[in-house]
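Have a look at the structure below before the remarks.
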Amino acid sequence: MCEIFNEAVQDRLETFDSDPRSVDSQRLMNAAADHDPKHPILVADVRNWIAGWAALATYDNRISLDDIGEVFIYVRRSFRSYGVGRQLMRALQESAAMLGYRKLIGRILVANHDGLLLCRATGWREVGRHTAHARLQDGLHDVMLVEYLIPPVSAPQT
Ligand SMILES: CC(C)(COP(=O)(O)OP(=O)(O)OC[C@H]1O[C@@H](n2cnc3c(N)ncnc32)[C@H](O)[C@@H]1OP(=O)(O)O)[C@@H](O)C(=O)NCCC(=O)NCCS
Numbered sequence: 007m008c009e010i011f012n013e014a015v016q017d018r019l020e021t022f023d024s025d026p027r028s029v030d031s032q033r034l035m036n037a038a039a040d041h042d043p044k045h046p047i048l049v050a051d052v053r054n055w056i057a058g059w060a061a062l063a064t065y066d067n068r069i070s071l072d073d074i075g076e077v078f079i080y081v082r083r084s085f086r087s088y089g090v091g092r093q094l095m096r097a098l099q100e101s102a103a104m105l106g107y108r109k110l111i112g113r114i115l116v117a118n119h120d121g122l123l124l125c126r127a128t129g130w131r132e133v134g135r136h137t138a139h140a141r142l143q144d145g146l147h148d149v150m151l152v153e154y155l156i157p158p159v160s161a162p163q164t
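Quick look at the structure:
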């Protein structure tokens with residue numbers, strides 16, 4: 007999982023980090039998710055090989071916003087463009103609905119075309135562009151704020 011995240015950093019597709027993540031810090035994140043059912047990490051497994059992962063993280067702790075989640079999603083470079091991202095995103099959207107979320111938020115570098123395409127393909131809306139927003143090693147980058155409104159879970163039919 008750490009390798010996959012670091013590929014996104016190397017490819018300059020990660021919105022907030024220009025430094026690679028250590029295995030220990032990834033382990034801490036995974037352990038935290040194990041003990042926090044509201045904030046799962048989903049892993050795409052292709053024949054016992056981790057092809058990608060997606061995290062549903064806290065967006066804002068204020069009570070009026072605590073049913074909004076922020077999504078982070080990463081697919082291994084060699085597995086990109088084969089539909090893994092779409093499946094992971096769908097699974098995360100379904101999990102979020104089951105967990106009672108009403109909305110998901112994402113923040114994607116404007117230069118990250120594949121990230122924006124994935125959002126368009128999975129029902130997200132582009133809210134607007136933050137100008138000169140993310141400060142990475144090579145300067146300030148514009149960031150697209152995207153949102154996905156979770157449809158209400160329909161009651162089981164009797
Ligand atoms: C963004 C990312 C998760 C997409 O995952 P993926 O497995 O490559 O995406 P998919 O193959 O499922 O494609 C999903 C949709 O996005 C579009 N898409 C994604 N990559 C594309 C590409 N290289 N060329 C054309 N379309 C592409 C397609 O429209 C596709 O829709 P379709 O199924 O109707 O064809 C992946 O590129 C990635 O890990 N990038 C680095 C990390 C990142 O940018 N994360 C998002 C910001 S946190």
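Residue numbering for the sequence shown follows the numbering used here, beginning at 7 and increasing consecutively. We put the CB at the ideal spot given by N, CA and C, even for glycine.
Between Val133 and Arg33, the alpha-carbon positions lie close to 33 Å from each other.
Minimum Cα-Cα distance from Ser101 among the listed residues Ala63, Val116, Leu123 corresponds to Ala63. When DSSP states are grouped into helix, strand and coil, Gly106 belongs to the coil group. Runs of alpha helix (DSSP H) with 4 or more residues, each lying fully within the stretch 13-60, are found at 29-40, listed in chain order. Under a 10 Å Cβ-count criterion, Gln143 is classified as exposed, with fewer than 16 other Cβ atoms of the shown protein chains found around its own Cβ. In this structure Arg82 touches Gly58 by the C-beta definition: roughly 6 Å separates them, less than 8 Å. Under DSSP, Ile114 forms a beta bridge with Met150.
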